[in-house]
Each structure stands twice: as C-alpha cells, then as structure tokens.
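Novice: Structure below; questions to follow.
There are 2 protein chains.
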Amino acid sequence: MTSYRAPARDIDFLLHEVMRVTESDIPGYADLDRTVTRAIVDEAGKLSAEVYEPLNVVGDREGCRLENGVVRTPTGFKAAFDKLREGGWTGIDCAEEYGGQGMPNLIGTAVGELWVSGNMALNMYHGLTHGAYSTIHAHGTEAQRNLYLPKLASCEWTGTMNLTEPHAGTDLGLLRTRAEPQADGSYRITGTKIFISAGDHDMADNIIHLVLARIPGAPEGVKGISLFIVPKVLVNEDGALGARNAVSVGALEDKMGIHGNATCVMNYDGATGYLLGEAHKGLKAMFTMMNEARLAVGVQGLGVASVAYQNAAGYARDRLQGRRITGPAEPDQAADPIIVHPDVRRMLMSQKSFVEGARAVTYWAASLIDRAARMDDKGAEALAGLLIPVVKGTLTDRGFASAVMAQQIWGGHGYIEENGMSQYARDARIAMIYEGANGIQALDLVGRKLPAQGGKAAMAFFALVKDFIRQNEADTELKAEFLDPLKSASKDLQAAATYFVQEGMKSPDNALAGATDFMHLFGHVVFGLMWAEMAKAARAGLAEGHGEPEFYRTKLATGRYYMARELPETRTLLARIETGATPVMALAAEAF
Amino acid sequence: MTSYRAPARDIDFLLHEVMRVTESDIPGYADLDRTVTRAIVDEAGKLSAEVYEPLNVVGDREGCRLENGVVRTPTGFKAAFDKLREGGWTGIDCAEEYGGQGMPNLIGTAVGELWVSGNMALNMYHGLTHGAYSTIHAHGTEAQRNLYLPKLASCEWTGTMNLTEPHAGTDLGLLRTRAEPQADGSYRITGTKIFISAGDHDMADNIIHLVLARIPGAPEGVKGISLFIVPKVLVNEDGALGARNAVSVGALEDKMGIHGNATCVMNYDGATGYLLGEAHKGLKAMFTMMNEARLAVGVQGLGVASVAYQNAAGYARDRLQGRRITGPAEPDQAADPIIVHPDVRRMLMSQKSFVEGARAVTYWAASLIDRAARMDDKGAEALAGLLIPVVKGTLTDRGFASAVMAQQIWGGHGYIEENGMSQYARDARIAMIYEGANGIQALDLVGRKLPAQGGKAAMAFFALVKDFIRQNEADTELKAEFLDPLKSASKDLQAAATYFVQEGMKSPDNALAGATDFMHLFGHVVFGLMWAEMAKAARAGLAEGHGEPEFYRTKLATGRYYMARELPETRTLLARIETGATPVMALAAEAF
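Top line first, the protein sequences correspond to chains W and R.
In our numbering, each residue carries its 1-based index in the first sequence increased by 6.
In our numbering, each residue carries its 1-based index in the second sequence increased by 6.
Right, here's the structure in full:
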C-alpha cells in the first residue's frame, strides 16, 4: 500500500526562502503571500493524498476500456476529477476572464507536481486540457477563445493534442491527415492519429481535439501543416452542444504504464474542424506552448520520483532485515530496519537529492516562463527555451532512474504489483518518450537552443552561475561545499560547449554524438546551482534561528550529498563528449 | 513483432579466437572443437529463435493461472519445453553418469544465454532445475543422487529453491519454517515460502523443492538453518511416484514481468522432507552453488539485453523519420532510417558494446568455474568468487539499462505492449533483485570477497590485468586505443581498493557507502580487459586475413566505443567512492 504526503515545507522553503517570490518584480508574484501559498499547497496536497492517490493503483489495475466506441475510465476517476473541478484547481493558472484564477505558471507547476504524485494517469486528463487551453488562448480568434476557454479552464470539457500518425512521430513533416476547406470556412478533417492521450473518456461532456493536418496544396513538410480545433461534439455559436462530430476511437493501446489514461487511436472521417491560428503555421502554433508542455512532462519525472521516494523511505524505516555493521541499531528487535545499511542510504540520498533539486529546477523554469509571459522579457524567454529541454530530458531520465531505485529498496516486494512500486517505474517510463523523446530534447538543446543568437542564452546562463559564485564566496563553508564544486562542473559544461563550437564546425555529428551527454551535463550544473542557492538559504535560515534547525541541517546535508556524489558525473560526461563522432558513427548500418 | 537470431559468429569468435578453448588445460575443453561448438550454437539458436521466442510474448500476455491448486502455464510452454528436453539440452553440462552430456559450464552458460534471449520466463523452469541438480549433486547422499539427478538432468522433474519468507528475504537468519525430525529419519516441514520461481506448473510429473528450514533446538540465526529435499510428489525408493506431499501453492504473484514463470507462495503443511547435506549447514550448502546461480542471473541481464538490442537495431534500420544532418542518406525515400541519427547510434553502440563485452565476461567467469571444479584450482575458485558479484550486479543493472535504451529507440511504439519492447525492460528488471539484490552483491564484493585472504584474489586480478598490458603493449595501436585506457581504469580501481583498506579501518561505512560504485568500477575494468583481449584477437584475425575483415573491423570499432565512451565512468565512480560515508550517512532515519 502506497501513500503520499505533499512536501509542503519544502515547497514553502523554495518559494519564500530561496526564491523570495513576494519580493519579485514579476506581476502577480507579490500576491503570493506565504500563508496563501501554504493554504494552496495544503489543500491540494490533501486532495491529492486523499482523493487522487488511493485511485492510482485502481487505475493501474483496471485500466480503461473501450465499450461501444466509448472509453470507460477506471472506477472513481470521474468522482475524483469532479472534486478537482469543483475546487477550481484545473484553472488555477488560467486567465480570470475565462474563469481561471489568474495565478502564475509557478503556482500551476507547484500544484501540478502534487497531482502527478497522487495519480499521474488521472492528472493527464487535465494536464492535456491545460495545453489545449493555452494553445487556443495564444492563437484563437476572440470568438474561439470565448467559446472554448471557459469550458477548458473549468475542465467541463477536456482537450487533447493530436500530432502523431503511424508513420510520423518525431518527423511531423510526414503527416498525412487532410483538411479540406468547406464553403462555410470550416474544414473536413480526414486521417488517423495515434498515441492520443486522454483521446476519449467518460468524464466530460465534450473533448476539444487540437489536430495537426495538411490543407490540400500546402507546402511539403513541416511548413505545410495547419492546426485545427475538432470538437468531439460540435458546439453551436451560443456554446450549446450540437451534433456528434465524425471523430471516433479506433482502438485503445495496451501500455507498460499510465493504464488509467486512455491512449487512443483516433479516426477522423471527414470531421468538422476549425482552423486555429494561421494556415500552414500549425506546427509553430502548437510549439508556442512547448516550453509549458515540456516543463509539465519534466514535472511528471519529479512527481513520480517524489512519491516513489517517500514510499521507499517509509519501507526502509519499517522493514527489518540484517544488522547495522557498526553494531545493532535496535537490539530489542530481531533485526534492524534496512535504513541503517549504507547502500540503502545511498539510494535514498540519491533520490532525495534528485527530487529536491528537481523541484527547485522546475520552479526556476516556471518563473522564467512567467517572466517571459508577464513582462515580455526576451532574455527570460531565451533562457527558459535553453533550460526546458534540459529540464524535460534530465528530470524524466533521472526521475525514472529514481523510481527504479525506489523499487529496488523494496526488493522482491517491489517487483510484485501488490505494493505499487512497480507502477511508479512503469508510469515514469513514458515521460522519457512523449512530448519529444529525450534524444530530441538533447538535439533541440545542442542543435537549436545552444547556438541561438550566437549562444546568447548560454552565455547568460554561465554569467548567472559566475555571478552567484562571486557574490557568495565570502562564505567559506558555502564556497568549499557548494560553490567550488559548482564552479568545477560549470567549467566542464563550458568546455563541452567550446568543444561543440570548434568540432561541430568540422562536422555537426561531433556535436550531436554528445548531445545527450551534454543535456545531462547541463542538468548537473543547473542542479548544482539550485543546490547552492538552497544551501545559501538554509544557512541563512540556520543563522536567523527560525526554530527549525533540523530542517535546514537536513537540507544542507542533502545538498552536500548531491555536490559530493552526483555532480562529479560531469567529468565522465565531458570525457565522452570530447571523443566526438568517431566512436559513435564508425559502423555501417548493416554492421549492427 | 520481435525476432531473434543467435549471435553464432560472436560466440565462435570468443570461444576460438579469444579464449582458444581447445588449447586450454581445463579437462573437457580440448574436445570443444570449432565445428562442435558451432553445431551446438546453431542448433540451440534455431530452437530458441523458432520455438522459444515466439512464445515469449504469449507468456507475457497470458501469464500463469492457478486453477484448483494447480498452476497452468501459458499456451505452448509445455510443448516447447518438451522440445528442449527431447534434445537433451537441459542436461548439457550435467554429469554423464546421471544422463547429462558432461560438457563444461562454459557451454551451459553459452547456450543458456540463447534460451534467455528467446524466452527468459520459460528458461527459468530449467534454469532453476539446474540449480537443484547442482546442489543435490554436491551435497546429496549417493542414494539421493541416484534417485533425483537423472530426472533433474533430463527435466522430467523440475526443481526450485525455497529461501524467502514474508519477513525474511536477504536476512535468512530470520526464517521460521520448521523441520521436525521423524522416527524414519525424514522431517516434517511446516512453513510458508514466498517468491518461489517455478514453484508449481503443469509441465513435469514432479517438482523437487529444496527448502531451507530450522530443526527445533538449532542454533539461532544463519547457523541453525538446514536444507531439505521436499518433493511435490513423494518418491519411492525405486524411483516410482508415490503419494502427493503436503505442499501446496498458496497464491500466484502478479508481477512487473516474467509473467510466464509461476512465482508462487508455497505452503508446507507438515510436508515430508529429507535432509540434504549436514544439519544446520543448509545455508552453506545452498550457497555452494551461488557462483553458478549468480552467473546464470548475470546471463539473464546479458540475454535480454542481446535480444532487445537486435530488435532495436532492426527497428532503427527500418523506421523512416527525419533526415541525416550531413545530407539525406536515402533521398528517394520520404525520410531516412533513424539509424542515421547520432543519438540513435549512441544508444545502439552502447547496447552493442555492453552485450559483446558482457558475453566475454560471462565466458571468462564460466571458465574459472570450470577450472575450479575440474582441476580443483583454488586460485581460480577465489578469482571466480571475486568476479561473480561483479558479473551478477553489473550485468543485470546494465542489462536492464540496455533493454530500456532499446525500448527508447522504438519511442512510443516501445511503450505500448504490442511490439514486445516493454516486456524486455519489465523482464530484465527482476534480475537486479533476485538471487541477492545488487546491493547485496556489492556488499559481498566489498565486505567479503575483496578482503578475503588478505586481498589475494584482487591482487591476482590486478596482476592479470598488468601482465596482459605488459605482454601486448608493443602493439602501439592496441596500446593507444585499448591498453592505455584499461591501465587508467585499473588504476582507478586500485585507488578505490586502497581507499577502502585505509578508510574502512576507521569505519566500515566508508567502504560500504561506496560498495555499489566499486562494483560498477570493477565491472568497467573487467569489461575493459575483455575488450582489450577481443581487440587483440580481432587484430590477429585481420592480420591473418581470414577473409572476414568486416567482422573484425566491427569488433574493433565496438571495442573502441567502449574504451572511449563507457570506460571513463571509472573517474566519476572513484570520485564518489572517495567521498566516503559522510555524505551518505549524514541524516537521521527520521529525516528521510
């Protein structure tokens, strides 16, 4: 039996002691009073723990069923979703004019982690709706916004993203779904889409599909793709529901995990669709929301790792097996709890330092998205663009590894399905694949974001690290334990970037062969910066004597673990990168 | 749809060009003529590909069912098992006097990989039988050997190992199953065992359970455990089957993977059992076979990674998506096969270099087991003992990672169950847990094997590496590409061992906190040595002009990849180890 407790104090620490959000110049942040954010987190945490979490294993076991063309979600999902909708949680960071609460993305991100920890599969139904909301918000006409956004903000209707086709996944230029213009200005959409998360279900009156398709005569490849709104049930101009549209579920996929989410094959058979944004610019329109969507998937890596960690720590404290090597810890018991064993500690510290570092990373990225959106700050936008592939790629790769480690602590009891630890590993696995497989994140980082504007964003990042180190190195303990390792890791990252600039000129393969290593190297430096910032805040908390010395000491010890034992991976990553393309590309395709 | 092709040429290369088995002084090796081993591998490979592999997904989907107290195996499993039995494959390395073929463990290991690749879950039924065979062979009375071994060698009967109880997994000292002596010399066994692989099924007339239990009045802890033979159906002295014994299946576990293997809760309700070996020395008796059993689990990591790699490579050659960055590879197609992309290559090279290195490692370990058993060579036994935890731990950790990487190449098509790639990841996961979780392997390595006899085996290993380097460094290319990196990695390993000796004196936690890192560091050096040996043989093959230059060039390129891009991880591992216990052990148990 798994359980969950929202990490309220950790969130509080990040928002108010590390980021000091109320002092921020980002519009809306001044309102994020400590009591306000704590109340939000407590309430959401309670809902997630009491309503979402108990259904997590139910969703895994029952899965979704396709009955007479309709997808049935697992027992209890609709009632739980209703509770979230009733509380207005789904629109927390949607605009007030459309019924949302107008809070920053930062808060949406913080709360989003809690839903993921409770029930990742269920969370996806509103997560994807949020993506559809944002896309229509950014690209819809006023009429479209008025018609769809209030229903999407409240999740009275849900949304989907329809990109993939059987032969076109990463390479969307290959897609074949057709959109034929009609006399009334609408389009007839025909084609098959696959892997559509939340593609159909029984929890909402309508589903608003955003569908990529090609208008006849459009340019070839990605420059000829348009984006369409295709409601499951047609919507009259007054918002009332009309006739059923010609869209249907072809099949449900049987998957490794996220069984509670319906992954559908969607058939569009001359369905009525409405152009969203400009013709032939659909890919760009959908990708406007990429930062937000990819951050949300990174948060999945974090959220699953967090709850898996909690359940691993609980088990390690309870399970009696073997004796502490330095002498019995609980001589009155038949054995000591396994948390006394150094190798179990290693796994717990690795998870804990990942989870807390990852949370800091996502908050930073969310605040950059807020700064970009709310202040039209191009520098923040570029920096967010640089960080997002790192966040998505590293948080999901390492989130999965962390969930696997949590499962390992449970031993054989983690491999059987009864205890729920296998599900965390199986669920977390998908986040490495969807919303751009992690190899694509690495390619985006190295091929696009790093060289953009002459490397401006990367230089801004390095300057930021350097400034933080310089401004804080008078604190000699902080310097020795946090700033020096950060400086060293940052040098490795700069060396890797320099290598790419120099050797990438000779052949782009020299850079792309090291793209994934670079993404993880970058991730380590970002984590290192976050841990240095958290350590600074923890030291301040200790000095100010807030009465919680154990919290701050734990934070510092966790950070020291990261700096001492995780960060040195940058050396190996740099060494790999500097071997260039030759070892990777040496073989002919037939030789594999 | 997955498929499998036995790596016959790679096996041939290892046996005859790297190890040169026919020139070995190990009894039985001289008979391993090239045509003989090739015929064995071809025939077993054919059976595995044509009979075992097609049932792999069937076993995953159907799983086992418990019907009226009897376990039903998936469709086709019995017929496939029959083919193996008919061919005498299950007794390939069993003694001729018991109906086996008397071949070395090396050949059993080589063939074992092929069964695992075809169908890991089905392979476990005979794999565990082999373990029971070996244990009775080593510790049984003559009467017991004569009664059970012929049936176990032929797999007319199968075997199991019953160690774990609900509250006693790693810590077997806690076990409670009782064995009460009876007047006739037998024992009445009462207790519950869990996680019993192949605990029951419908594919054999009898199942011989080897059960750890405690005789009343026995010393506490592991020194009071005895081992018993408990047949499912009692066996008369003449070998005929008698009455059903009081052993039954309490439940079947629902697991993450290996669905085709029945993982049972076994209830012993006063079942008749026969002491195997000496009273109170059951743990030692069962662990005599540990090297062989742990090697077999390491081979599971290899075998699953191998077939997953093949299917990833096939998909990468077929799936058209995107264009090669240096210009279209197949301009007539809508897109290039994804094998042109450097990040896909990286994943394939990582898998390929792991699989081929791992195969060499297992052959070396098997040959040491043969040398120890067939020549009573204590040095070989000690070296095997040192290597086995490394083999089990690294081959299963990295075998799982390799299977996950293979799944990643398939993208979303790897996450759905339809294509079989998810199953490889799910199946491979268990090998990190059973037969001693990998943290226990690391503990065995650092706490027991490394310091044994004053570090004699470790010194022998280092001397072996050093000698190989010295004897071959005249070849300047081999030196630059293989020997120098090996030397550097070996130095890292020695530095880590030295650290353990020095700092472990102050507190054993200083060594145990780095145990898993040390295991992987050791693994890298072993892989490095294997790749250096393979490179030497490949260079010889090229020089001798065998007419297969592409095979040798591919082997060298694969090895170069390993040395350049995988081996440098030793730096990070050493850096971690040298941070000692403090970062790992800093927190109180309540702080997690």
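Each residue gets a CB set at the ideal place from its N, CA and C atoms; glycine is no exception.
Do residue 544 (chain R) and residue 372 (chain R) count as a contact pair if the criterion is CB distance below 9 Å?
Specialist: Position 366 of the second sequence, counting from 1, holds the residue named residue 372 (chain R). Position 538 of the second sequence, counting from 1, holds the residue named residue 544 (chain R). No, the Cβ-Cβ distance between residue 372 (chain R) and residue 544 (chain R) is not below 9 Å.
Novice: How about residue 166 (chain W) and residue 294 (chain W): are their beta carbons less than 9 Å apart?
Specialist: Here residue 166 (chain W) refers to the residue found at position 160 when the first sequence is read from its first residue. Here residue 294 (chain W) refers to the residue found at position 288 when the first sequence is read from its first residue. With respect to the 9 Å criterion, residue 166 (chain W) and residue 294 (chain W) are not classified as neighbours on the basis of their beta carbons.
Novice: Let me know the secondary structure DSSP gives residue 194 (chain W) once reduced to three states.
Specialist: Counted from its first residue, the first sequence places residue 194 (chain W) at position 188. Strand, per DSSP.
Novice: Can you give me the C-alpha to C-alpha distance between residue 226 (chain R) and residue 399 (chain R), rounded to a whole angstrom?
Specialist: Position 220 of the second sequence holds residue 226 (chain R). Position 393 of the second sequence holds residue 399 (chain R). Approximately 30 Å, taken between the alpha carbons.
Novice: Could you tell me whether the stretch 359–376 of chain R touches the stretch 293–313 of chain R, using the rule of 3 or more Cβ pairs below 8 Å?
Specialist: yes
Novice: Measuring alpha carbon to alpha carbon, tell me which of R:146, R:14 and R:76 ends up nearest residue 113 (chain R).
Specialist: Residue numbering aside, residue 113 (chain R) sits at position 107 when the second sequence is read from its first letter. A check of alpha carbon separations from residue 113 (chain R) across R:146, R:14 and R:76 identifies R:14 as the nearest.
Novice: Would you be able to state if there are at least three C-beta pairs under 8 Å between the stretch 578–588 of chain R and the stretch 515–524 of chain R?
Specialist: yes
Novice: I'd like to know if residue 326 (chain W) contacts chain R, where contact means its C-beta is closer than 9 Å to some C-beta of that chain.
Specialist: On the first sequence, residue 326 (chain W) is found 320 positions in, with the first residue counted as 1. For residue 326 (chain W), the answer is yes, since a Cβ of chain R falls inside 9 Å of its Cβ.
Novice: Whole angstroms are fine: how far does the CA of residue 154 (chain W) sit from the CA of residue 147 (chain W)?
Specialist: In the first sequence, residue 147 (chain W) corresponds to position 141, counting from 1. In the first sequence, residue 154 (chain W) corresponds to position 148, counting from 1. Rounded to the nearest angstrom, the two C-alpha atoms are 11 Å apart.
Novice: I'd like to know if residue 399 (chain W) contacts chain A, where contact means its C-beta is closer than 9 Å to some C-beta of that chain.
Specialist: The structure shown has no chain A; the protein chains it does contain are W and R.
Novice: In whole angstroms, what separates the C-alpha of residue 286 (chain W) from that of residue 223 (chain W)?
Specialist: Translated into positions along the first sequence, residue 286 (chain W) becomes position 280. Translated into positions along the first sequence, residue 223 (chain W) becomes position 217. Residue 286 (chain W) and residue 223 (chain W): Cα-Cα distance of roughly 10 Å.
Novice: Tell me which same chain residues have a C-beta within less than 8 Å of the C-beta of residue 125 (chain W), skipping the five on either side of it?
Specialist: On the first sequence, residue 125 (chain W) is found 119 positions in, with the first residue counted as 1. Excluding sequence neighbours, residue 125 (chain W) sits near 54, 58, 59, 61, 62, 65, 86 and 266.
Novice: Which runs of the beta strand (DSSP E) fall wholly inside the stretch 438–500 of chain R and span at least 3 residues, in chain order?
Specialist: none
Novice: Give the residues of chain R in contact with residue 340 (chain W), contact being defined as C-beta atoms less than 7 Å apart.
Specialist: Along the first sequence, one-based indexing puts residue 340 (chain W) at 334. Those within 7 Å of residue 340 (chain W) in chain R are 180.
Novice: Among the residues of its own chain, which have a CB less than 8 Å from the CB of residue 590 (chain W), if the five just before and after it don't count?
Specialist: Here the question's residue 590 (chain W) lines up with position 584 in the first sequence. Counting only Cβ-Cβ distances below 8 Å, and skipping sequence neighbours, we find 515 and 519.
Novice: Residues of chain R with a CB under 7 Å from the CB of residue 563 (chain W): which are they?
Specialist: Start at 1 with the first residue of the first sequence, and residue 563 (chain W) comes out as number 557. The contacting residues are 592 and 593.
Novice: Could you give the residue range of the alpha helix (DSSP H) that holds residue 575 (chain W)?
Specialist: As a first step, residue 575 (chain W) must be located in the first sequence, where it is residue number 569. Start and end: 575–583.
Novice: For the beta strand (DSSP E) containing residue 163 (chain R), name the first residue and the last one.
Specialist: Here residue 163 (chain R) refers to the residue found at position 157 when the second sequence is read from its first residue. From DSSP, the beta strand (DSSP E) with residue 163 (chain R) extends over 163–168.
Novice: Check whether the Cβ atoms of residue 1 (chain R) and residue 159 (chain R) lie closer than 9 Å to each other.
Specialist: Residue 1 (chain R) lies beyond the stretch modelled for chain R, which goes from 7 to 598, so this question has no answer here.
Novice: Please classify residue 58 (chain W): does DSSP put it in a helix, a strand, or coil?
Specialist: Here the question's residue 58 (chain W) lines up with position 52 in the first sequence. It is helical.
Novice: Check for me: the beta strand (DSSP E) holding residue 518 (chain W) runs from which residue to which?
Specialist: Start at 1 with the first residue of the first sequence, and residue 518 (chain W) comes out as number 512. Taken as a continuous stretch (DSSP letters only), residue 518 (chain W) belongs to no beta strand (DSSP E), being part of the alpha helix (DSSP H) at 514–518.
Novice: Can you tell me which of R:429, R:443, R:44 and R:486 puts its alpha carbon nearest to the alpha carbon of residue 260 (chain W)?
Specialist: As a first step, residue 260 (chain W) must be located in the first sequence, where it is residue number 254. Ranking the options by Cα distance to residue 260 (chain W), first place goes to R:429.
Novice: When the Cβ atoms of the stretch 451–471 of chain R are set against those of the stretch 431–445 of chain W, are three or more pairs found closer than 8 Å?
Specialist: No: the two stretches stay apart, fewer than three of their Cβ pairs being nearer than 8 Å.
Novice: If I measure Cβ to Cβ from residue 18 (chain W) and keep anything under 8 Å in the same chain, skipping five residues before and after, which residues do I get?
Specialist: Translated into the one-based positions of the first sequence, residue 18 (chain W) becomes position 12. Excluding sequence neighbours, residue 18 (chain W) sits near 40, 43, 44 and 47.
Novice: Tell whether a beta-carbon distance below 9 Å holds between residue 532 (chain W) and residue 396 (chain W).
Specialist: Translated into positions along the first sequence, residue 532 (chain W) becomes position 526. Translated into positions along the first sequence, residue 396 (chain W) becomes position 390. Yes; because the gap between Cβ atoms is below 9 Å, this pair is in contact.
Novice: Measuring CA to CA, which of W:288, W:207 and W:185 is closest to residue 232 (chain W)?
Specialist: Translated into the one-based positions of the first sequence, residue 232 (chain W) becomes position 226. That would be W:288, whose Cα lies nearest to the Cα of residue 232 (chain W).
Novice: Since residue 532 (chain W) is in the alpha helix (DSSP H), which residue starts that stretch and which ends it?
Specialist: In the first sequence, counting from the first residue as 1, residue 532 (chain W) sits at position 526. Its alpha helix (DSSP H) spans residues 521–550.
Novice: For residue 518 (chain W), go through chain R and note every residue whose CB falls closer than 8 Å to its CB, in chain order.
Specialist: The count along the first sequence starts at 1 and reaches residue 518 (chain W) at position 512. In chain order: 331, 347, 348 and 349.
Novice: Bridge partners of residue 279 (chain W), per DSSP?
Specialist: The residue labelled residue 279 (chain W) in the question sits at position 273 within the first sequence. DSSP, once it has assigned bridges, lists W:193 as partnering residue 279 (chain W).
Novice: Measuring only the C-alpha atoms, how far is residue 300 (chain R) from residue 347 (chain W)?
Specialist: Your numbering for residue 300 (chain R) matches position 294 in the second sequence. Your numbering for residue 347 (chain W) matches position 341 in the first sequence. Answer to the nearest angstrom: the Cα atoms are 22 Å apart.
Novice: Roughly how many angstroms lie between the CA atoms of residue 454 (chain W) and residue 513 (chain W), to the nearest whole one?
Specialist: Against the first sequence, residue 454 (chain W) aligns to sequence position 448. Against the first sequence, residue 513 (chain W) aligns to sequence position 507. Computed Cα separation, rounded: 16 Å.
Novice: How would you label residue 76 (chain R), buried or exposed, when you count the other beta carbons within 10 angstroms and need 16 or more for buried?
Specialist: Here residue 76 (chain R) refers to the residue found at position 70 when the second sequence is read from its first residue. Exposed, since its Cβ has fewer than 16 Cβ neighbours within 10 Å.
Novice: Along chain R, in chain order, which residues have C-beta atoms closer than 7 Å to that of residue 574 (chain W)?
Specialist: Along the first sequence, one-based indexing puts residue 574 (chain W) at 568. Simply 578, 581 and 582.
Novice: Starting from residue 348 (chain R) and walking both ways along the alpha helix (DSSP H), at which residues does that stretch end?
Specialist: Here residue 348 (chain R) refers to the residue found at position 342 when the second sequence is read from its first residue. Per DSSP, residue 348 (chain R) belongs to the alpha helix (DSSP H) from 348–381.
Novice: Taking Cβ positions only, does residue 240 (chain R) come closer than 9 Å to chain W?
Specialist: As a first step, residue 240 (chain R) must be located in the second sequence, where it is residue number 234. So no, residue 240 (chain R) is outside the interface.
Novice: For a quick check, are the C-beta atoms of residue 445 (chain R) and residue 414 (chain W) less than 9 Å apart?
Specialist: Locating residue 445 (chain R) in the second sequence gives position 439, where the first residue counts as 1. Locating residue 414 (chain W) in the first sequence gives position 408, where the first residue counts as 1. Going by C-beta atoms, residue 445 (chain R) is nearer than 9 Å to residue 414 (chain W).
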